[in-house]
Amino acid sequence: DTVFVLNGPNLNLLGLREPEIYGADTLDDIAGMLEDRGQELGLDVDMRQSNHEGHLVDWLHEANADGARAVLLNAGAYTHTSIALLDAIKAIKVPVIEVHLSDPETREPFRHVSYVGMAAVDCVKGLGARSYIVALEKVAAL
Ligand code: DQA
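Just so it is clear: in the sequence shown, position 23 is 24 by the working numbering, and no numbers are missing.
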């Protein structure tokens, strides 16, 4: 079974970007950890990142068409703005788990709304890179 792990804007800069908030691990580091944990859980991980909202929409559709087991979605700032992502999650059958490195609820008020969260089946946040691992473990339990 394949799990799509979709990452939105600015997450290509992980490791460099505000490490006091997001940690020192790069997206490649996280991809490696997910692959290892996925192997233990019997899950193939397809890790992707884009700074473009429409790519994330297309990949949600692709996960559905491919019959992916689940999607882990860290939509970055699009979490807080994107009705298009909300609609895409509602449009597909594949369960989507929302993921964040930080805990947006404890940050600026504009991060407190999550359109992704309105349709996602679950959310893991505030654990740094471990948020992704815990989310993958939740997929194995779905
Ligand atoms: C984030 C939280 C968002 O508010 C922010 O815009 C990001 C990263 C996180 O993983 O903590 O880009 O999704």
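No residue lacks a Cβ here, since even glycine has one placed at the ideal position from N, Cα and C.
Everything numeric in this text was worked out from a predicted model, so none of it was measured.
Under a Cβ-count criterion, where at least 16 other Cβ atoms within 10 Å of its own Cβ denotes burial, should residue i be classed as buried or exposed?
i, result
"Lys91", "exposed"
"Ala142", "exposed"
"Leu44", "buried"
"Leu101", "For clarity, residue 101 is His in the given sequence; the question names Leu instead. Flag for His101 reads buried."
Is residue i near the ligand DQA, going by C-beta to nearest heavy atom under 7 Å?
i, result
"Asn75", "yes"
"Pro110", "no"
"Ala78", "yes"
"His53", "no"
"His62", "no"
"Asn13", "no"
"Pro20", "no"
"Ser103", "yes"
Can you tell me which of the three DSSP states residue i falls into?
i, result
"Ile93", "coil"
"Ala69", "coil"
"Leu42", "helix"
"Val122", "coil"
Contact defined as beta carbons within less than 8 Å: I believe residue i pairs with residue j. What is the distance between those atoms, to the nearest angstrom?
i, j, result
"Ala64", "Phe5", "4 Å"
"Ile31", "Ala130", "5 Å"
Exercise. Any contact of the segment 72 to 86 with the segment 108 to 124, i.e. 3+ C-beta pairs under 8 Å?
Worked result: yes
For this session: Give a yes or no on contact between the segment 21 to 35 and the segment 61 to 71, applying the rule of three or more CB pairs nearer than 8 Å.
Result: no
Exercise. Within the chosen definition, does the segment 100 to 107 reach the segment 40 to 56 through at least 3 CB pairs nearer than 8 Å?
Worked result: no
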